[in-house]
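Residue numbers (our numbering), protein chains in the order written: chain Y, 61 to 182; chain P, 9 to 324; chain A, 594 to 725. For each residue, glycine too, the CB sits at the ideal point set by N, CA and C.
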Amino acid sequence: MSVPILKQGDVLIASIQAALSDNDLVKLRDDLAAKVGRFRSRGVVIDVTALDVLDSFASRTLRGIAQTTRLRGAQTVIVGVQPEVAMAMVQLGLTLEGVDTALDLEEGLELLGVAIPQDRTL
Amino acid sequence: MLDQKLSSSIIDLTEMDIARRQAFVDLGAADLTRIAAVKATVLQHLDEHVGAFFDFLAPIEEARGLFRTASLLEEARRLKRMHLMAMVQGGYGRGYMDERLQLCEIYRRAFLDVRVFLGGYHCLVTSIGRRVMEQFPKDAKAGFEHLASLKKITYVDIALVVDAMVSDRETTIARQQDAIRELSTPTLQIRDRLLIMPIVGLMDSHRAKQLTDGLLNAIRANRAKVVVMDVTGMATIDSRVANHFIQTVAAARLMGAKVIVTGLSADVAQSMVVLGVDLSSLNTVGDLQGGLEEAERSLGYRVVRIQDAPLHAAAA
Amino acid sequence: MTDPLRVAVDRDIDVVTARQAGRELAAKIGFSGCDLTLIATAISEVARNIIVYAERGEIVLSAVADGGRRGLQVVAHDEGPGIADAELAMRDGYSTGKSLGLGLPGARRLMDELELDSEVGRGTTVTMKKWL
Numbered sequence: 061m062s063v064p065i066l067k068q069g070d071v072l073i074a075s076i077q078a079a080l081s082d083n084d085l086v087k088l089r090d091d092l093a094a095k096v097g098r099f100r101s102r103g104v105v106i107d108v109t110a111l112d113v114l115d116s117f118a119s120r121t122l123r124g125i126a127q128t129t130r131l132r133g134a135q136t137v138i139v140g141v142q143p144e145v146a147m148a149m150v151q152l153g154l155t156l157e158g159v160d161t162a163l164d165l166e167e168g169l170e171l172l173g174v175a176i177p178q179d180r181t182l
Numbered sequence: 009m010l011d012q013k014l015s016s017s018i019i020d021l022t023e024m025d026i027a028r029r030q031a032f033v034d035l036g037a038a039d040l041t042r043i044a045a046v047k048a049t050v051l052q053h054l055d056e057h058v059g060a061f062f063d064f065l066a067p068i069e070e071a072r073g074l075f076r077t078a079s080l081l082e083e084a085r086r087l088k089r090m091h092l093m094a095m096v097q098g099g100y101g102r103g104y105m106d107e108r109l110q111l112c113e114i115y116r117r118a119f120l121d122v123r124v125f126l127g128g129y130h131c132l133v134t135s136i137g138r139r140v141m142e143q144f145p146k147d148a149k150a151g152f153e154h155l156a157s158l159k160k161i162t163y164v165d166i167a168l169v170v171d172a173m174v175s176d177r178e179t180t181i182a183r184q185q186d187a188i189r190e191l192s193t194p195t196l197q198i199r200d201r202l203l204i205m206p207i208v209g210l211m212d213s214h215r216a217k218q219l220t221d222g223l224l225n226a227i228r229a230n231r232a233k234v235v236v237m238d239v240t241g242m243a244t245i246d247s248r249v250a251n252h253f254i255q256t257v258a259a260a261r262l263m264g265a266k267v268i269v270t271g272l273s274a275d276v277a278q279s280m281v282v283l284g285v286d287l288s289s290l291n292t293v294g295d296l297q298g299g300l301e302e303a304e305r306s307l308g309y310r311v312v313r314i315q316d317a318p319l320h321a322a323a324a
Numbered sequence: 594m595t596d597p598l599r600v601a602v603d604r605d606i607d608v609v610t611a612r613q614a615g616r617e618l619a620a621k622i623g624f625s626g627c628d629l630t631l632i633a634t635a636i637s638e639v640a641r642n643i644i645v646y647a648e649r650g651e652i653v654l655s656a657v658a659d660g661g662r663r664g665l666q667v668v669a670h671d672e673g674p675g676i677a678d679a680e681l682a683m684r685d686g687y688s689t690g691k692s693l694g695l696g697l698p699g700a701r702r703l704m705d706e707l708e709l710d711s712e713v714g715r716g717t718t719v720t721m722k723k724w725l
């Protein structure tokens, strides 16, 4: 199952819809790397609102995505981590260190310096 | 009228549990035979035995909850009668246990104390015992043995009732403790995107977990970007609690919120260092006021005192 | 409810299947929302270990009772290479980053109990329990 990646100006938005297998995550990483390069994006927002579990592999992959995109000149923001998921992550020692986080898509775009249109639907 | 699901979830009745309860009283085939032998006798005087139970309870203060509403009392009598019939039927599996628990549900709604219940139950068993002994006028020993077999079932009953009523009490206590914890760690939104969480009193793992839970949910509900967590009012902070805070701060960051910890005295900070707790991930400010100011600054607020200049020009 | 539920784990998608099955069973047992996530995450970690180190194995989920309390038991079993140094595997590398990276200390923090039974050449069994 691949994750839809939307382009909004010079920012890419990846909205994860459901639980992802390890392969799906790796595919997302590769997709984003390719698209950041192709569109010369300066920002990436990954929305994990729908993920009910964020384990060590997912955490490693997200950090990997942030590193790769940074090498290509883009800033990555992870948004939508749910309270319960955040609790589980910190108990596992996963802090997504080095990766920017924001509460939701709107906050994430604001962090990247993107003007939010009046109509929030994207 | 009664919630079937509720009664069997008061206590967990697995097949294993039911078998164990029967084993505890050493219920065997010989017992079942004897119970069958006295079945008719018990059934013949059902109302007498049910009466013995309720007549005992009627004058007792702690049992008045059972007699307050006619419908509740009627339901209790009906179920009691049915239960006595079931007691001599010979099948003591899940169906029997569930019925017993249904009666417990009534006692729960009537706030019947378990000690008072036992008093009434004793009267009931005595009443049954009298009639059973009468069935064996020339052979007291046989009468006693038959009664002993029937009594095994009464012991299963008592164990179930005590378990149900005690677990009910424990559930209430746990719920009350939760409510107290909840009330003692509120999160207050004092400005757009800014929350304060004043923490007062003692902290244990349970409370710490509830605190984190409450904080993270408050961040989401209020879309908070900064949280000022004030620990001035905390009696003691040990390394375990400090580690909880560190985790809470890390979890809040995953949700895009910054946490400023205020009220951590220099002494406490020092002792944390000595204990090897790494406080570097915590953003600490000496006092609450300082913390609030920093929070407001980071949100782009600047608080200015209104000067003596007139607020508005007088109308011309 | 007392029959154990077995989930075969040999492809990465099974990690998701196992943790969702665990979440469902835990919900039936009566665990709260927050605990459900902790449990699902712990299962995810041990299930992934199976894939990564042993290629195939299984997760067995069951409801357990001990005296008055009820809980969930998760057994992750494989016949892979086994862990040479169990002590190192359980060492908490949380602060030093020097753990074996199997996520076992973390999983233990998420659950209430965790037992590791492993021998080189024989395989690995991780038994975890969480109580209501």
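Under 9 angstroms from the C-beta of P:D221: neighbouring residues of chain A
Here the question's residue 221 of chain P lines up with position 213 in the second sequence. In chain order: C627.
What did DSSP end up calling P:K351 once you bin it into helix, strand or coil? An answer regarding residue 351 of chain P cannot be provided, because it is not within the stretch 9 to 324 covered by chain P.
- request: Identify every run of the alpha helix (DSSP H) within the region 64-117 of chain Y, keeping only runs that are complete inside it and at least 4 residues long; order them along the chain.
  value: Complete alpha helix (DSSP H) runs here, min 4: 82-99.
- Can you check DSSP and say which residues form a bridge with A:A669? Here residue 669 of chain A refers to the residue found at position 76 of the third sequence. Paired residue(s): A:I652 and A:V719.
- Query: Which class does P:Q197 belong to by DSSP, given the choice of helix, strand or coil?
  - Reply: Position 189 of the second sequence holds residue 197 of chain P. Judged by DSSP in its simplified three-state form, P:Q197 adopts strand.
- CA-CA distance, Y:V63 and A:A601? As a position in the first sequence, residue 63 of chain Y is number 3, starting the count at 1. As a position in the third sequence, residue 601 of chain A is number 8, starting the count at 1. A straight-line Cα-Cα distance of about 26 angstroms links Y:V63 and A:A601.
Q: Reducing DSSP to helix, strand and coil, say where P:Q315 ends up.
A: Residue mapping note: residue 315 of chain P aligns to position 307 of the second sequence, counting from 1. DSSP, read as helix, strand or coil, puts P:Q315 in coil.
Q) Helix, strand or coil: which one does DSSP assign to P:T77? A) Residue 77 of chain P sits at position 69 when you count from the first residue of the second sequence. P:T77: coil per DSSP, three-state reduction.
Fill in: Coarse secondary structure for A:T689, derived from DSSP in three states
Here residue 689 of chain A refers to the residue found at position 96 when the third sequence is read from its first residue. Note that A:T689 scores a pLDDT of 40, beneath 50, so its modelled location is shaky and nothing firm can be said.
Next item on the list: Assign P:L219 to buried or exposed, taking buried as 16 or more other Cβ atoms, counted over all protein chains shown, within 10 Å of its Cβ.
Entry: Within the second sequence, numbered from 1, the residue matching residue 219 of chain P stands at position 211. Buried is the call here.
**Boundaries (first-last residue) of the alpha helix (DSSP H) holding A:V609** = Counting from 1 along the third sequence, the entry for residue 609 of chain A is found at position 16. First-last of the alpha helix (DSSP H) with A:V609: D605 to I622.
Item checked: Pick from Y:L111, Y:T109 and Y:Q127 that is closest to Y:D90, judged by C-alpha positions -> In the first sequence, counting from the first residue as 1, residue 90 of chain Y sits at position 30. It is Y:Q127 whose Cα lies nearest to the Cα of Y:D90.
For the region 601-623 of chain A, which residues have a CB atom closer than 9 angstroms to at least one CB atom of chain Y, in sequence order? So the list reads R604, D605, I606, D607, V608, V609, R612, Q613 and R616, given in the order they occur along the chain.
For A:I644 and A:V608, believed in contact at Cβ under 8 angstroms, the rounded distance: Start at 1 with the first residue of the third sequence, and residue 608 of chain A comes out as number 15. Start at 1 with the first residue of the third sequence, and residue 644 of chain A comes out as number 51. Their Cβ separation, rounded to whole angstroms, is 7 angstroms, which keeps A:V608 and A:I644 in contact under 8 angstroms.
Original post:
Assuming P:A71 and P:L111 make a contact with CB atoms under 8 angstroms, what is their CB distance in whole Å?
Top reply: As a first step, residue 71 of chain P is located in the second sequence; it is residue number 63 there, counting from the start. As a first step, residue 111 of chain P is located in the second sequence; it is residue number 103 there, counting from the start. Contact flag wrong, Cβ pair sits at about 14 angstroms.
State buried or exposed for P:D11, treating a residue as buried only when at least 16 other CB atoms are found within 10 Å of its CB. Here residue 11 of chain P refers to the residue found at position 3 of the second sequence. No answer about P:D11 holds up, because its pLDDT of 39 lies below 50 and its placement is not dependable.
Note to self: Helix, strand or coil for A:L598? Go by DSSP, reduced to three states.
What the structure shows: Stepping through the third sequence from its first residue, residue 598 of chain A is reached at position 5. Looking at A:L598 - three-state DSSP - the assignment turns out to be strand.
Item to complete: Could you tell me whether the region 71-83 of chain P touches the region 137-156 of chain P, where touching means 3 or more Cβ pairs closer than 8 angstroms?
Response: No: fewer than three Cβ pairs fall under 8 angstroms.
Check: Any idea which residues DSSP pairs P:L203 with across the strands?
Finding: In the second sequence, residue 203 of chain P corresponds to position 195, counting from 1. DSSP, once it has assigned bridges, lists P:Q197 and P:V235 as partnering P:L203.
Check: Hey, is the region 59-75 of chain P in contact with the region 119-135 of chain P, meaning 3+ C-beta pairs nearer than 8 angstroms?
Finding: Taking one beta carbon from each stretch, the region 59-75 of chain P and the region 119-135 of chain P have 3 or more pairs nearer than 8 angstroms; the two touch.
Proximity of Y:V105 and Y:L92 at Cβ, strictly below 8 angstroms = Position 45 of the first sequence, counting from 1, holds the residue named residue 105 of chain Y. Position 32 of the first sequence, counting from 1, holds the residue named residue 92 of chain Y. No, Cβ-Cβ distance for Y:V105 and Y:L92 is not below 8 angstroms.
For this session: Please indicate yes or no: does the CB of A:L681 lie closer than 7 angstroms to some heavy atom of the ligand COA?
Result: With respect to small molecules bound, the structure shown includes none, and the ligand COA cannot be examined in it.
query = Enumerated in chain order, which unbroken segments of the alpha helix (DSSP H) with a length of 4 residues or greater are wholly contained in the region 121-159 of chain Y?
reply = Runs of the alpha helix (DSSP H) lying entirely within the region 121-159 of chain Y and spanning at least 4 residues, in chain order: 143-152.
Whose C-beta lies closer than 6 angstroms to the C-beta of A:G690 among residues of the same chain, with five residues either side of it excluded?
Here residue 690 of chain A refers to the residue found at position 97 of the third sequence. The predicted model places A:G690 with a pLDDT of 43, which falls under 50 and marks its position as unreliable, so this point remains unresolved.
| Using the C-alpha atoms, what's the distance from Y:V137 back to Y:D164? | Taking the first sequence and counting its residues from 1, one reaches residue 164 of chain Y at position 104. Taking the first sequence and counting its residues from 1, one reaches residue 137 of chain Y at position 77. C-alpha separation (whole angstroms): 10 angstroms.
Do you know whose CA, among P:Q315, P:L158, P:H53 and P:R310, lies nearest P:T41's CA? Here the question's residue 41 of chain P lines up with position 33 in the second sequence. Of the candidates P:Q315, P:L158, P:H53 and P:R310, the one whose C-alpha sits nearest the C-alpha of P:T41 is P:L158.
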